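Peer 1:
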Amino acid sequence: MEEENDKNPETTVAPALISVHPTHKFVSAAVGSDLRVFNLQESCVVTLADESGGHKDSIRAIRYSANGQLFVSAGDDKLVKIWATDSWRCIYSVASEKRVSAVGISNDGMFVCFADKFGVMYVVDIEDHNVEDGVTVIKKGVPILSHYCSIITRLEFSPDGRFIVSSDRDFKIRVTVFPKNPVNGAHEIQSFCLGHTEFVSCLTFVGSQKYPLGLLVSGSGDSTVRLWDHTSGSLLDTCYVGAQAEFLPSDGKEEDILPAVTDLCATPDGSLVAVAIQSLPGLMLLRCNQSSKTLSVAKVVSIPGETFIPTSIGAASSAPVLWMVMGASGLHVSESASLARVRGISGFSTSASESLDLETLVLEDAEIPGGELLLQTLQGKLSIGKEAFSAAAEAVKTAMRNLLIKKQYSAERREFRKRGRNDMKGKQ
Amino acid sequence: MMEHEANANPSHSKTTGLPRKRFYRARAHSNPLSDSHFPIPVSPSQVDYSVHYPQLFPSPDKFDGSKSIEFADVGCGFGGLLISLSTVFPESLMIGMELRDKVTEYVKERILALRASNPGQYENISVVRTNSMKYIPNYFEKGQLTKMFFLFPDPHFKEKNHRRRVINLHLLDEYAYVLREGGIIYTMTDVEELGVWMNSCLKGHPLFEAVTKEELEADPVVKLLSTATEEGQKWRMLNLVPWNSGPSCPFGQEGGGAKKDGNGEGKELVEFSLHFPPLEHLPPFP
Ligand SMILES: C[S@@+](CC[C@H](N)C(=O)[O-])C[C@H]1O[C@@H](n2cnc3c(N)ncnc32)[C@H](O)[C@@H]1O
Numbered sequence: 001m002e003e004e005n006d007k008n009p010e011t012t013v014a015p016a017l018i019s020v021h022p023t024h025k026f027v028s029a030a031v032g033s034d035l036r037v038f039n040l041q042e043s044c045v046v047t048l049a050d051e052s053g054g055h056k057d058s059i060r061a062i063r064y065s066a067n068g069q070l071f072v073s074a075g076d077d078k079l080v081k082i083w084a085t086d087s088w089r090c091i092y093s094v095a096s097e098k099r100v101s102a103v104g105i106s107n108d109g110m111f112v113c114f115a116d117k118f119g120v121m122y123v124v125d126i127e128d129h130n131v132e133d134g135v136t137v138i139k140k141g142v143p144i145l146s147h148y149c150s151i152i153t154r155l156e157f158s159p160d161g162r163f164i165v166s167s168d169r170d171f172k173i174r175v176t177v178f179p180k181n182p183v184n185g186a187h188e189i190q191s192f193c194l195g196h197t198e199f200v201s202c203l204t205f206v207g208s209q210k211y212p213l214g215l216l217v218s219g220s221g222d223s224t225v226r227l228w229d230h231t232s233g234s235l236l237d238t239c240y241v242g243a244q245a246e247f248l249p250s251d252g253k254e255e256d257i258l259p260a261v262t263d264l265c266a267t268p269d270g271s272l273v274a275v276a277i278q279s280l281p282g283l284m285l286l287r288c289n290q291s292s293k294t295l296s297v298a299k300v301v302s303i304p305g306e307t308f309i310p311t312s313i314g315a316a317s318s319a320p321v322l323w324m325v326m327g328a329s330g331l332h333v334s335e336s337a338s339l340a341r342v343r344g345i346s347g348f349s350t351s352a353s354e355s356l357d358l359e360t361l362v363l364e365d366a367e368i369p370g371g372e373l374l375l376q377t378l379q380g381k382l383s384i385g386k387e388a389f390s391a392a393a394e395a396v397k398t399a400m401r402n403l404l405i406k407k408q409y410s411a412e413r414r415e416f417r418k419r420g421r422n423d424m425k426g427k428q
Numbered sequence: 001m002m003e004h005e006a007n008a009n010p011s012h013s014k015t016t017g018l019p020r021k022r023f024y025r026a027r028a029h030s031n032p033l034s035d036s037h038f039p040i041p042v043s044p045s046q047v048d049y050s051v052h053y054p055q056l057f058p059s060p061d062k063f064d065g066s067k068s069i070e071f072a073d074v075g076c077g078f079g080g081l082l083i084s085l086s087t088v089f090p091e092s093l094m095i096g097m098e099l100r101d102k103v104t105e106y107v108k109e110r111i112l113a114l115r116a117s118n119p120g121q122y123e124n125i126s127v128v129r130t131n132s133m134k135y136i137p138n139y140f141e142k143g144q145l146t147k148m149f150f151l152f153p154d155p156h157f158k159e160k161n162h163r164r165r166v167i168n169l170h171l172l173d174e175y176a177y178v179l180r181e182g183g184i185i186y187t188m189t190d191v192e193e194l195g196v197w198m199n200s201c202l203k204g205h206p207l208f209e210a211v212t213k214e215e216l217e218a219d220p221v222v223k224l225l226s227t228a229t230e231e232g233q234k235w236r237m238l239n240l241v242p243w244n245s246g247p248s249c250p251f252g253q254e255g256g257g258a259k260k261d262g263n264g265e266g267k268e269l270v271e272f273s274l275h276f277p278p279l280e281h282l283p284p285f286p
């Protein structure tokens, strides 16, 4: 059973997260229990108003609602906090029985979903939304679906709002009809997207005016990014990203042979998907062709100057900047207990994907929107020592492994993984 | 030849050639939530039918999807039900799903022995070792199954272990997904508390409705169920039909209101107790 072991220091290492407001008003970063928000529009630090004093343990999931009015943060302290972004006050607090691993917000902003480490997804009705002054309203979640005892890694609503998609560490992606009245349960499964051979770590939708239903993109510990028709569950294309980039020298462990995909972010028109990969110092950009339903590697963006392996990435729909954070909390390095380094890439947009030469550019610290004040806010400090980077990379790797990969492999599973790798070579 | 091999094997009965149950004793209960270490097909299209039904699918490449598994016996135990169903529905492919390794091996041996001594028969049944609570969608496509059996599932009495029960509100979502419209779930138990539990889960699930008494009486499976299974004394059964889970489903339109506005008016669950036949009337067990 996935009993949580609080004493194991490695499992308490939490990767740093980043999330960007849909109209590029704010950028948020979570490092351990610390939530940091910067106001890009007014170039100032946001002070959070939370009478309960913020999160008490590592934050595992953050996100903005589609209209940007809400922000949700949740994690190991078993609390889901729902913030109003106009005042940055915590308007709702939801207690979970278990640690929270993923959050989602319905496209209309009326429901917040969260998943716990036992694979149960809960829904919170926030329709009333009538915010009384200064009081955090306590809400309860209602369990509405379950991945049997498999950690749910991500929750994502389809662009048309019809489906809630949940991925887990048992290689599964479940597409469920999101009912009008979800508190009565989400029982109707539309499809399962099956094909990954390791944990599914991240999901995103690609869509455009021409393809309003969108297609689903998933990243996995099997070192692939896959494109799905989520309505039927059929696998449209597989991109073997692990075979196509120069990774940091591996220490010979199995995990390094197949570096896991850790995060995905698509441009608003879905023509470009940025991929963060464990042990890739930089970022991979995939071109997504929605009419031919294919994914292909467009470019590997390397980041000069430092060993920067993003742990989380994000972008607004209104600005062509891809935001990245590398970091972790609970580190056992002398310098400090947590580390976060924020970087940006410009040219992450539609036009970039159409031109043959992608004009993406890694931004210097001075060029970052928000400048030094933003870096100071989100990173906690301006400059970060080199040795801290490698410590963070290792720590995050260990944390991912402990959280997601099964403790032991049987002989058959090992064979299977090997075969997976051979198949991969065959495709190249 | 098979006979000879069987006789040389001390784990098989000398007289029947069938495997002896006592050599396949295993732990009585296993924890379905613990992590598993057996191979799992990545998706239903990867289930190798030539391994399970070699006479019908001589080579793995020949599988064209023309015929797929229709019945699943979840937690099949020693396989008694599969064996009885095999000859009643000779045209349907069936599979038993069992968590315990040794029990699965026993059922495999038992089927092989039956095939050897009854040429042409028992070619439509097989068994797989798996955790049905985790991997049902890896074995069956949407709407593939016509019948699912849950006979005498482990009761898991303690409140905190209720989530280990194979019938619960959330797992029913997956069963409704793999069942075709009009497909049937058969459950049976001799533990009253569990019977009430399974009943209330099915009743509370918007994609299932009760089978009518008439349908029940006309169902050959119901007759068979009173004799085929190997555990229990008296039993109680429920019998329900899932609805279509397509876009036309009323649940989808009403946005999950089925439960709120009086779930399925007029659809009373069929629930009754029967007495099990005396043990000597059970089919011979090796
Ligand atoms: C009490 S026995 C009933 C056996 C058989 N159905 C009968 O009626 O005789 C329950 C069986 O379910 C199996 N089982 C329990 N949980 C399971 C799971 N998650 N997946 C597959 N089999 C399971 C157990 O190993 C056991 O053999």
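Chains as they are written, first to last, in the UniProt record's numbering: chain Z, 1 to 428; chain G, 1 to 286. Glycine included, each C-beta is placed from N, C-alpha and C at the ideal position. This one's a predicted model, so the numbers in the text were calculated from it and none came from an experiment.
1) Which residue marks the beginning of the alpha helix (DSSP H) containing G/M133, and which one marks its end?
2) For Z/K140, would you say it is in contact with chain G, using Cβ-to-Cβ distances shorter than 8 Å as the test?
3) Beta-carbon separation of Z/V309 and Z/P268 under 8 Å?
4) Any chance the CB of G/L153 is under 7 Å from a heavy atom of ligand 1?
5) At a threshold of 7 Å, does G/M133 count as lining ligand 1 (C-beta to nearest heavy atom)?
6) Using a Cβ-Cβ cut-off of 8 Å, state whether G/G183 counts as contacting chain Z.
7) Quick one: does Z/R421 have its CB under 8 Å from some CB of chain G?
8) Closer than 9 Å, Cβ to Cβ, to anything on chain Z: give me those residues from the stretch 187–200 of chain G, in chain order.
9) Can you name the residues of chain Z whose CB is closer than 7 Å to the CB of G/N138?
10) Interface residues of chain G around Z/T197 at Cβ under 9 Å?
11) Give the residues of chain C in contact with Z/S191, contact being defined as C-beta atoms less than 7 Å apart.
12) Establish whether the CB of G/D173 and some CB of chain Z are separated by less than 8 Å.
13) Applying a beta-carbon distance threshold of less than 9 Å, which residues of chain G neighbour Z/L258?
14) Beta-carbon separation of Z/G214 and Z/S291 under 8 Å?
15) Report the neighbours of G/K134 on chain Z: residues whose CB is nearer than 8 Å to its CB, in chain order.
16) Return the first residue and the last residue of the beta strand (DSSP E) that Z/A115 is part of.
17) For Z/I18 and chain G, any beta-carbon pair shorter than 8 Å?
18) From the beta carbon of G/P283, is the nearest beta carbon of chain Z less than 8 Å away?
19) Does the Cβ of G/E98 lie closer than 7 Å to at least one heavy atom of ligand 1?
20) Go ahead and label G/H156 buried or exposed: buried means 16 or more other beta carbons lie within 10 angstroms of its beta carbon, across all protein chains shown.
21) If you measure between the beta carbons of Z/A328 and Z/L322, is that distance less than 8 Å?
22) Using CA coordinates, which residue listed in Z/L70, Z/V325, Z/E372 is at the minimum distance from Z/T307?
23) Determine the DSSP secondary structure at G/I111, reduced to helix, strand or coil.
24) Using a beta-carbon distance cut-off of less than 7 Å, what residues from the stretch 201–218 of chain G approach chain Z?
25) Establish whether the CB of G/Y177 and some CB of chain Z are separated by less than 8 Å.
26) With respect to 7 Å, is the separation between the Cβ of Z/C113 and the closest non-hydrogen atom of ligand 1 below this value?
27) Under the rule that 16 or more other beta-carbon atoms within 10 Å means buried, what is Z/A14, buried or exposed?
28) Go through its chain and collect everything with a Cβ distance to Z/L35's Cβ below 6 Å, but skip five positions before and after it.
29) Shorter than 8 Å from the beta carbon of G/H162 to some beta carbon of chain Z?
30) Any heavy atom of ligand 1 closer than 7 Å to the CB of G/V107?
31) What's the call for Z/K407, buried or exposed, on a 16-neighbour Cβ count within 10 Å?
32) Measure the beta-carbon distance from Z/L285 to Z/V301 and round it to whole angstroms, keeping in mind my assumption that it falls under 8 Å.
33) Mapping DSSP to helix, strand and coil, what is Z/V160?
34) In the DSSP assignment, find the beta strand (DSSP E) that holds Z/V261 and state where it starts and stops.
35) On a Cα-Cα basis, can you pick out the residue from Z/H55, Z/L145, Z/Q69 that is closest to Z/P22?
36) Quick one: what's got a C-beta closer than 6 Å to Z/T377's C-beta in the same chain, skipping five residues either side?
Peer 2: Reading off the structure:
1) 132–139
2) no
3) Residue identity differs from the one stated: residue 309 of chain Z is Ile in this sequence, not Val. Not in contact: Z/I309 and Z/P268 (Cβ atoms no closer than 8 Å).
4) First, the residue type needs correcting, since residue 153 of chain G is Pro and not Leu in the sequence shown. Yes, since a heavy atom of ligand 1 falls inside the 7 Å radius drawn around the Cβ of G/P153.
5) yes
6) no
7) Residue placement at Z/R421 is poorly supported in this model, since its pLDDT is 42, which falls under 50; the coordinates are not used for a value here.
8) none
9) L194
10) V42
11) Protein chains in the displayed structure are Z and G, and chain C is not among them.
12) yes
13) Neighbours of Z/L258 on chain G: none; closest Cβ ~15 Å, over 9 Å.
14) no
15) Y148, C149, S150, D170
16) 111–116
17) no
18) With a pLDDT of only 37 at G/P283, under 50, the local geometry of the prediction cannot be trusted, and no value is derived from it.
19) yes
20) buried
21) no
22) Z/V325
23) helix
24) H205, P206, L207
25) yes
26) no
27) buried
28) S73
29) no
30) no
31) Reliability of the predicted coordinates at Z/K407 is poor, the pLDDT of 42 falling under 50, and no value is obtained from them.
32) 6 Å
33) Note on residue identity: the sequence assigns Asp, not Val, to residue 160 of chain Z. Here Z/D160 sits in coil by DSSP.
34) 261–266
35) Z/Q69
36) R36, F38, V45
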